[in-house]
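Per mature numbering (1 follows the signal peptide of the UniProt record, and there is no 0), the sequence shown runs over residues -37 to -1, 1 to 381.
Below: the structure, in C-alpha cells.
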Amino acid sequence: MSKPWRNRGLWNRAGAAVAAIVLAGTAALTHTGVAFAAPGNALKGEIQPLLDAITASGVPGSYAQVRRDGKTFTGASGVAFVESGAPARADSRHRIGSVTKTFVATTVLQLVGERRLSLDTSVDQLLPRFGLDPAITVRMLLNHTSGIGNYTLGLDSLEAVEEWQTRTFAPDELVRLGLTFPETGAPGELLSYSNTNYILAGLIIEKVTGNEVEKEVNRRIIKPLGLRTTYFPGADPRIRGPHAGAYVPWPDAETGEVTLRDFSVYNMTWAWTAGEMISTMPDLNTFYRALITGKLLKPAQQAAMLETVPWYPEMPEALRYGLGIYALQLPCGTFWGHDGGVIGQITQVLTSTDGRTQLAWGGNYGINFASTPEMITALNNLIVGSLCGPEAVAGADQRRAAGATNVPLLPSAVRVGD
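Given below as C-alpha cells:
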C-alpha cells in the first residue's frame, strides 16, 4: 500500500506553503534585516548575502545569475552535495523543470509564424488518437485553459517517486495517464495548470515537423543562442558536467526519522516537454533576454505569447499566464518568466519587459521547498532584492501593513500528492 505524501498540497500551484510574494497593488515582501551593500558597491555585495540567507534557511545549496543596471553577478552559496560538503558552483547544470515549457511554447509559436500551424487549430485534428474534445485548441494547451487533467497527479506517493526514478515513459503514455484524471473545466473556461498540455504540445511539434522535439528546440533556440549547457537528457538519468544534488526530505520507513535523500540521478522521461530540460543560470538568462526582446519570434507571435489570462481570479493582476510564460507583478514593475520544480531541484527565472534586469536561480532542495517561513522569506528577498533593489525589500513592511495578501510564487512546481 502506498504511503500518502506527508506534505500534501505542497507541490501544487495553489499551495500557500510555497514561496510567496506579498501583494499590495504591486508585490511587496517583508524585510528581514538582510545586510545590503551601500549604493555604488558591486552587485555582488547586494546579492551574495541574499543567497547566503537562503542557505541559512535550510536549503543545502543554490546558485544564481543577476543582471541589473548593466552589471552581472553570477554566484552560489552552500553545498552542492551534503555528503561530501563540496561547495555549490555558479556554473552548475540544473534540472529546470517547467522552465522547459517556455522553450517548447517558443518552438510552437515559431511554427505558427511559419504558417505550419495555427493557435486555433483543434488538437484533436492533429492528434486524433487521444479522442480529445474537438474544442480544445493549440492555444489552450499553451495557456493551460484546455481543461485536460494533469498526469503528474500520478506522482502521488513515496513509492511513485522511487518508481519513476528508473522508469522510461513514452509521451503517449503520459497523455493517457493525464486523461485518467478529472477534467478541470470546459475548454477555454479557466486556467488550470496541467503538465499534460505540454506533452501534447511536444507531440504536435513532432507531428508538424517530422523531427524529434529535441532536434527542433536545439535547431531553433539552443544553437542560435549559443546555449552550450542546455539540453534534453532523454532517458540518461545523470546530469552531465558540474552539478548539485537533488535533495528531498525522506522519512525512514521504520522510525519515521527524516533525512535528506539525493535524487540527482533520475530518469526524466516522465517530464519530457513539460519539464525534462537541463541548463545553467547564465544560459537561462540569455534565452529569456532574447525571447522577451523579440529575437526569437515574429511580432504577431510575440504578442500572442504575451497575451495573458489570470492565474488566480481573486488576484487577477498579480500573476498572469501567457503562452509558456507568465507575468509577475513586483514593486518595480512586471517581470516575465517561469519557475520549475522536479524531484529535488527548484528553479525561478524572471526578466523585465526590456530584458535588461534578470534573475535566474536554482536550488538543490525539492519537495519540501519553502515549507518554513524562513525559506519563504529568504527566496522572496532574493527575488525582489535582485530585481528591484534593496529599497523594494526595505519598504515591504509598510505595503503589507496597508493590506497586502499572499500569492504563491513557484506555482508550476510538480506536486506530489494532493
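For every residue, glycine included, the Cβ atom is placed at its ideal position computed from N, Cα and C.
Nothing here was measured: the structure is a model prediction, and the numbers come from that model.
What does the Cβ neighbour count give for Leu(-15), buried or exposed, with the cut at 16 atoms within 10 Å?
Residue confidence is low: Leu(-15) scores 37 on pLDDT, short of 50, so the model does not pin down where it sits. No coordinate-derived value is stated.
Please confirm whether residue 429 and Gln28 have their CB atoms less than 9 Å apart.
For residue 429 there is no data in the structure shown, the boundaries of the chain being -37 and 381.
Please give me, in chain order, every unbroken run of the beta strand (DSSP E) with length at least 3 that falls completely inside the stretch 216 to 261.
221 to 225
Burial state of Lys64, where buried means 16 or more other Cβ atoms lie within 10 Å:
Taking every protein chain shown into account, the CB of Lys64 has 16 or more other CB atoms within 10 angstroms, so this residue is buried.
Please go through the same chain and pick out, in chain order, the residues whose beta-carbon is closer than 8 Å to the beta-carbon of Val221, but skip the five residues on each side of it.
Pro212, Trp213, Pro214, Asp215
Do Thr310 and Ile255 have their C-beta atoms closer together than 9 Å?
Contact flag unset, no.
Measure the Cβ-Cβ separation of Thr35 and Ser25 and say whether it is below 9 Å.
no
Ignore the nearest five residues each way along the sequence and tell me which others in Gln128's own chain have a CB closer than 8 Å to its CB.
Counting only Cβ-Cβ distances below 8 Å, and skipping sequence neighbours, we find Pro200, Phe226, Val228, Tyr229, Asn230, Ile306.
Can you look up Ser349 in the DSSP assignment and give me helix, strand or coil?
helix
Quick check: the Cα distance between Gly300 and Asn106, rounded to an integer number of angstroms?
Roughly 14 Å separates the two Cα atoms.
Thinking C-alpha only, which one of Ile202, Ala68, Arg58, Asp302 is nearest Gln265?
Ala68
Which ranges does the alpha helix (DSSP H) cover as unbroken runs of at least 4 residues, wholly within the stretch 137 to 173, from first to last along the chain?
158 to 172
Around the Cβ of Pro91, are there at least 16 other Cβ atoms within 10 angstroms (buried) or fewer (exposed)?
Counting Cβ neighbours within 10 Å, Pro91 comes out exposed, since fewer than 16 surround it.
Of the residues Tyr275, Arg319, Thr131, which one's Cα is nearest the Cα of Ala253?
Of the candidates Tyr275, Arg319, Thr131, the one whose C-alpha sits nearest the C-alpha of Ala253 is Arg319.
So, at 6 Å on beta carbons, what are the nonlocal neighbours of Leu104 in its own chain, with the 5 sequence-adjacent residues on each side left out?
Asn160, Leu163, Ala164
Which stretch, first to last residue, makes up the beta strand (DSSP E) that contains Thr129?
Bounds of any beta strand (DSSP E) do not take in Thr129; it lies within the alpha helix (DSSP H) bounded by 121 to 129.
Contact between the stretch 71 to 82 and the stretch 167 to 180: three or more CB pairs below 8 Å?
yes
Roughly how many whole angstroms lie between the Cα atoms of Pro12 and Gly151?
44 Å
First and last residue of the uninterrupted alpha helix (DSSP H) at Asp15:
6 to 19
Compute the beta-carbon to beta-carbon distance between Pro245 and Ser55, rounded to the nearest angstrom, for a pair I have assumed lies under 8 Å.
Pro245 to Ser55, Cβ: 11 Å. No contact.
Using CA atoms only, rank isn't needed, just tell me which of Leu137, Ser109, Phe93 is closest to Val272.
Ser109
How about the stretch 284 to 294 and the stretch 39 to 47: do they share at least three Cβ pairs that are nearer than 8 Å?
Too few Cβ pairs lie closer than 8 Å, so no.
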